[in-house]
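Colleague: Here's a structure for you.
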Amino acid sequence: MSLFSNRSNDSVIAEPGDSNSLPALPTWRRRGFSSSGANKSRRATLPPWLINTGSLIVMGLLVLLSLSIGVADFSWSGIFHSLINGSANSDSSLMLVSRLPRTIAIILTGIAMAVAGMIIQVVLKNRFVEPSMVGATQSAALGLLVVSLFFPASALIIKMSVATITAVFGMMLFMLLIHRIPPTDFLMIPLIGIVFGGIIDAITTFIAYQTETLQMLSVWQFGDFSAVLAGRYELLWLTGGLCVIAYIIADKLTIVGLGDNIALNLGISKRHVTWIGVGMVAMMSAVVVVTVGVIPFIGLIVPNIVSRIMGDKLRRSLPAVALLGASAVLLCDIIGRSIRYPFEVPVATVFGVVGTVVFLWLLLRAPAEP
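Using our numbering, read the sequence shown as starting at 1471 and increasing by one per residue.
Have a look at this one:
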């Protein structure tokens, strides 16, 4: 049986005698994806340009705040003097070596994880999943630990490649586990994903305990940007390119999410598009884990919030997902740096607390059976 064969077998339904009947909405549009009723698809409540402009302004303000916060002495006047005089000083060096790379890394991480969450939700036709709930980030951490144990001197690109491969295998195994779940049990998929991710985490922790590498593992399991400096984050630019590819194939992803028969009628290969989506999610997860560690719930919360505001059209909502993802991680990082100043709380901890509350709220707000 094919790994990506039809789970819900969505079909075209017409009333007797009605030659103008439209295709019935697939299960993910009638159950888990609608906030206005069981048989209505969401539409944008605000103009996309207005939402994107507002998100861009908010992100710009957060960027300025992020650049201004830190333990080291810093002043914007020193930056201006450095630009006017054309010579480097302590403020400009701090900006170029630490503050600016950290802020760019936060933005790229937020964009990557939010877009990855949107992709996996469309591929699995379920709004309650994200990369950390399908075994992607846990499998990437396991692969990174294994390659670090056996080939500790390997290049960063080798570690990222192994983490990507293990993330793909982890997602494939998860898809095999949920293959026979009835499409109406849309809440079972994230629950199985949480258990599945917990098992992989337990295996990884056991290996780290036996090899006395728990401290190294903790660096990958808790996302933190405190160690980000110039020369240690550039790999994240790869996720920016993957997000551009996701926007290019957004229409194909949307069609695949509508069901097998609709994709077939429109000439879209579900297998190929699904493999591309899975590969992109795995690579984004692996790059983020290798660079800054695991940050949960971004890919769950951000796409759901944007979908409730802008509707379900992927090409229209993807820029808003990217902007909101970057702003959310920026805000949580600023909170983490400010709560116990001059100490830092990892952004994964801050986002984990917020994400848990919002995830439970999303579960409780799931539409009831009509």
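Ideal placement from N, C-alpha and C gives every residue a C-beta, glycine not left out.
If you draw a straight line from the C-alpha of Tyr1703 to the C-alpha of Ile1574, how long is it?
Modeller: The alpha-carbon atoms of Tyr1703 and Ile1574 are separated by roughly 9 Å.
Colleague: Considering Thr1523, what are the terminal residues of the alpha helix (DSSP H) in which it resides?
Modeller: That run of the alpha helix (DSSP H) goes 1518-1538.
Colleague: What are the start and end residues of each continuous alpha helix (DSSP H) run of 4 or more residues lying completely inside the stretch 1586-1621, in chain order?
Modeller: Runs of the alpha helix (DSSP H) inside the stretch 1586-1621: 1606-1620.
Colleague: In whole angstroms, give me the CA-to-CA distance for Arg1658 and Pro1601.
Modeller: According to the sequence displayed, residue 1658 carries Met and not Arg. Cα to Cα, the separation comes out at about 16 Å.
Colleague: If you draw a straight line from the alpha carbon of Thr1674 to that of Leu1615, how long is it in whole angstroms?
Modeller: If you take the alpha carbons of Thr1674 and Leu1615, they lie about 8 Å apart.
Colleague: Please state whether the Cβ-Cβ distance between Thr1598 and Leu1770 is less than 9 Å.
Modeller: It is Phe, not Thr, that sits at residue 1598 in the sequence shown. Against a cut-off of 9 Å, the Cβ pair of Leu1770 and Phe1598 comes out as a contact.
Colleague: Less than 9 Å separating the beta-carbons of Val1593 and Gly1640?
Modeller: Not closer than 9 Å, so no.
Colleague: Is the distance from the Cβ of Ile1576 to the Cβ of Leu1736 below 9 Å?
Modeller: Result no, Cβ atoms of Ile1576 and Leu1736 do not sit closer than 9 Å.
Colleague: Going by beta carbon distance, what residues of the same chain come within less than 8 Å of Ile1738, once the five residues before and after it are set aside?
Modeller: So the qualifying residues of the chain are Lys1722, Ile1725, Val1726.
Colleague: Can you give me the C-alpha to C-alpha distance between Gly1613 and Ile1804, rounded to a whole angstrom?
Modeller: Whole-angstrom Cα-Cα distance: 31 Å.
Colleague: Please classify Ala1733: is it buried, with 16 or more other beta-carbons within 10 angstroms of its beta-carbon, or exposed?
Modeller: Result: buried.
Colleague: Determine the contact status of Leu1705 and Met1630, defining contact as a CB-CB distance below 9 Å.
Modeller: A contact, by the Cβ cut-off of 9 Å.
Colleague: Would you mind working out which of Trp1707, Ser1787, Phe1695 sits nearest Ile1718, comparing C-alpha positions?
Modeller: For Ile1718, the nearest C-alpha among the options comes from Ser1787.
Colleague: Taking Leu1699 as the reference, give the member of Leu1534, Met1780, Ser1547, Arg1569 with the closest Cα.
Modeller: Measuring from the Cα of Leu1699, the nearest candidate turns out to be Arg1569.
Colleague: With burial defined as no fewer than 16 other Cβ atoms inside 10 Å of the residue's Cβ, what is the status of Pro1660: buried or exposed?
Modeller: When all chains shown are included, Pro1660 counts as buried.
Colleague: Going by C-alpha distance, which of Leu1535, Leu1564, Ile1539 is nearest Ile1549?
Modeller: Closest by alpha carbon: Leu1564.
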